[in-house]
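2 protein chains.
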Amino acid sequence: MGKNILIKIEYDGTNFSGWQKQSNARTVQGEIEHVLKYIAGEEINIHGTSRTDAGVHALGQCASFEWNSKMPFEKLPEVMNRRFGVAGTGRSGAPGDIRIISVEEKPEDFHARYSCTGKTYRYVIDKTGDIFIRNKVLQYPGADRLDIISMRKAAEEITGTHDFKCFETSGGTPRETTIRTIYNLTVESDDNNIVIEVTGDGFLYNMVRIIVGTLIEVGEGKKSSSDVKAIIESRDRGNAGFTAPPQGLYLKKIFFGEENFCV
Amino acid sequence: MGKNILIKIEYDGTNFSGWQKQSNARTVQGEIEHVLKYIAGEEINIHGTSRTDAGVHALGQCASFEWNSKMPFEKLPEVMNRRFGVAGTGRSGAPGDIRIISVEEKPEDFHARYSCTGKTYRYVIDKTGDIFIRNKVLQYPGADRLDIISMRKAAEEITGTHDFKCFETSGGTPRETTIRTIYNLTVESDDNNIVIEVTGDGFLYNMVRIIVGTLIEVGEGKKSSSDVKAIIESRDRGNAGFTAPPQGLYLKKIFFGEENFCV
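Protein sequences, first through last, are from chains A and B.
Reading the first sequence from the start, the letters are residues 1 to 263 in the numbering used here.
Reading the second sequence from the start, the letters are residues 1 to 263 in the numbering used here.
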């Protein structure tokens, strides 16, 4: 039994077909396992906390794996980032869109997916129309006219423990229950952006993106903030808002253990 | 004879094979002519001021063309931007990486390429290593340790009228002369970026990118700022610095007529 290693990862999802390994597509898991095999000289299967979709970004994705190599695991960020072509590491040509932020050794029974106790996602809506950031934000007609106060009232209705079936796209991995707890859901706005951040113990398929779409429709006045309780109770996807595109979505932080979720 | 129209354009060069039309590649000229044909119902050939390379961005590229359509030319930005999928215009699916900034009618003898009297380019070098902007900046090892004072001294040597053959990549369109005038060349630095801006009456093939590479090598101490005069006088490409990648380069402004070039 080798060491049980946890890495924290950031990536720009623009040019990935999502996290999960696929035979004929460039994925984050696939790229990381490819580099680990190059370094360790053996196949390494990594367990990611979240299977982010194509186009979704990460500021703090996590993954765990067994490490049997003689190379000290502490060197992994430096060695891996050089292979990934991260800025400042001198290898040109590689796209530089994944970066290992940190590495640590964990107890034998730790697993990046099953030991996760919560996640924070960030969703960025752009007000500027800047064409240079179009794959990193949602550019939405009328974003500068959204009613932020109503969106915050709706966010309060969503916060807490509920059956969130209304915010689930069918077709994802089957789940035991659609009950989840949202610890925190904030809507901040400045001259350039609206930033929605949500922390929960877990999220259903497309749940964050449908919450964002619902909040936008509230901000537009198409739905009222007081409708939201009834939308959740209906358990009907058809009553919630549209699914916001993946480009504005960032997996921001993974929680393990008893951390304070109100970040 | 129709109206002679000038448009100002910004684009994110990441997913274009440069400005110039090609039969089997996505180019800025190709996309603009495609949309103009859709609107006008006839082939329209546009004349761009600068043939930016693959990966190069523009904040203020210009192009002129003859407009015979009954549609008032003043509507072109709105109508074209909707086709391009620019944010806020409501057409989803289109990539939104070109935007028409403005349109105006020009005298019959105006030509966006031949009437140009100067250009400003911006080059952005990143210090942060942020993976989310990697196609918009140069990410260069040690960028945060470059000696800005020396780079500014070297920039002074480059400013003025010189034979700039040392800053030309062979293989471009043949030119009558390699003498050019640099009106202004600035190097600014803050916590996140080094920004180099250069204004001249014209630029040889790759000239801005080789100037940037040369300034970087001065900033690293590989070349001294006092070497630069001799490098220019040598007229030898081998003595100048490396060609900086296209990703950090922005065509910022085109001058027509007697404007003040010291922007």
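Glycine included, every Cβ here is placed at the ideal spot set by N, Cα and C.
Worksheet item: Taking just the CA atoms, how far does B:LEU204 sit from B:LYS119?
Response: Spanning the alpha carbons of B:LYS119 and B:LEU204 requires a straight line of approximately 12 Å.
Fill in: A:ALA63: first and last residue of the uninterrupted beta strand (DSSP E) it sits in
57-67
Worksheet item: List, in order along the chain, the chain A residues whose C-beta lies closer than 8 Å to that of B:ILE216?
Response: Within 8 Å Cβ-Cβ: nothing; B:ILE216 doesn't reach chain A, min ~14 Å.
Worksheet item: From the beta carbon of A:GLY221, is the nearest beta carbon of chain B less than 8 Å away?
Response: no
Practice prompt. Using the DSSP secondary-structure output, state which residues sit across from A:ARG122 in a beta bridge.
Written response: Partner residues in the beta bridge of A:ARG122, as assigned by DSSP, are A:GLU197 and A:TYR250.
Worksheet item: Thinking C-beta only, is B:HIS34 closer than 8 Å to B:ALA112?
Response: no
Worksheet item: Can you find a CB in chain B that lies within less than 8 Å of the CB of A:GLN139?
Response: yes
Discussion item. Less than 8 Å between CB atoms is the rule here; does B:TYR11 satisfy it with respect to chain A?
Written reply: yes
Practice prompt. Note down the Cα distance separating A:ALA94 from A:ILE231, rounded to an integer number of angstroms.
Written response: Cα to Cα, A:ALA94 sits roughly 46 Å from A:ILE231.
Discussion item. B:THR243 and B:THR169 - do their beta-carbons sit closer together than 8 Å?
Written reply: yes
Practice prompt. Indicate the three-state DSSP secondary structure (helix, strand or coil) for A:ARG237 in the structure shown.
Written response: helix
Fill in: C-alpha distance - B:VAL263 paired with B:TYR183, whole-angstrom precision
Low confidence applies to B:VAL263: its pLDDT is 46, below 50, so where it sits in the model is not reliable enough to give any reading.
Worksheet item: Using a Cβ-Cβ cut-off of 7 Å (strictly less than) and excluding sequence neighbours within five positions of A:GLY257, which residues of its own chain qualify?
Response: By the criterion of a C-beta distance shorter than 7 Å, A:GLY257 is surrounded in its chain by THR117, once the five residues flanking it on both sides are discounted.
Discussion item. Taking 8 Å as the threshold (beta carbon to beta carbon), is A:LYS136 in contact with chain B?
Written reply: yes
Worksheet item: What residues of chain A sit near B:GLY213, judged by a beta carbon separation below 9 Å?
Response: Those within 9 Å of B:GLY213 in chain A number zero; the least Cβ separation is about 13 Å.
Worksheet item: For A:LEU36, which three-state DSSP category applies?
Response: helix
Item to complete: Mind checking which residues open and close the alpha helix (DSSP H) that includes A:SER150?
Response: Where A:SER150 is concerned, the enclosing alpha helix (DSSP H) stretches over 148-158.
Worksheet entry | Residue from A:SER234, A:PRO107, A:ASP12 and A:VAL195 with nearest C-alpha to A:GLN61 | A:ASP12
Discussion item. Beta-carbon within less than 7 Å of A:ALA87's beta-carbon, same chain only, minus the 5 sequence neighbours each way: which residues are those?
Written reply: GLY96
Worksheet item: Short check: CB of B:VAL187 to CB of B:ARG152, under 8 Å?
Response: yes
Worksheet item: For B:HIS34 and chain A, any beta-carbon pair shorter than 8 Å?
Response: no
Fill in: Run of the beta strand (DSSP E) containing B:THR181, from where it starts to where it stops
179-189
Worksheet entry | A:CYS166 to A:SER150 span [Cα, whole Å] | 20 Å
Item to complete: Return the first residue and the last residue of the alpha helix (DSSP H) that B:VAL212 is part of.
Response: 207-219
Fill in: Test: A:VAL263 CB closer than 8 Å to a CB of chain B
Since pLDDT at A:VAL263 reaches only 46, below the 50 mark, its modelled position is unreliable, and the value read off the structure follows with that caveat. Judged by the 8 Å Cβ criterion, A:VAL263 is not in contact with chain B.
Worksheet item: For the region 72-87 of chain B, which residues have a CB atom closer than 8 Å to at least one CB atom of chain A, in sequence order?
Response: Of all residues in the region 72-87 of chain B, those with a C-beta nearer than 8 Å to a C-beta of chain A are VAL86 and ALA87, reading in chain order.
Practice prompt. Kindly list, in the order they appear in chain B, the residues whose Cβ is closer than 9 Å to that of A:ASP147.
Written response: None at all; the shortest Cβ gap to chain B is about 18 Å.
Worksheet entry | Secondary structure of B:ARG145, DSSP reduced to three states | Of the three classes helix, strand and coil, the one that applies to B:ARG145 here is helix, per DSSP.
Worksheet entry | Three-state secondary structure (DSSP) of B:ARG83 | helix
Practice prompt. Say whether chain A places a C-beta atom closer than 8 Å to the C-beta of B:ARG99.
Written response: yes
Practice prompt. Since I believe B:ALA143 is in contact with B:ASP130 (beta carbons under 8 Å), could you give me their beta-carbon distance rounded to a whole number of angstroms?
Written response: Contact flag wrong, Cβ pair sits at about 12 Å.
Item to complete: Say whether chain A places a C-beta atom closer than 8 Å to the C-beta of B:GLY96.
Response: yes
Worksheet item: Where does A:ILE9 fall in DSSP's three states?
Response: strand
Discussion item. If you reduce the DSSP assignment to three classes, tell me which class B:VAL263 lands in.
Written reply: In this prediction, B:VAL263 scores a pLDDT of 46, lower than 50, which makes its location untrustworthy; the coordinate-derived value is nonetheless stated afterwards. Coil, per DSSP.
Practice prompt. Return helix, strand or coil for A:LEU204, following the three-state DSSP convention.
Written response: A:LEU204: coil per DSSP, three-state reduction.
Worksheet item: DSSP three-state call for A:VAL103: helix, strand or coil?
Response: strand
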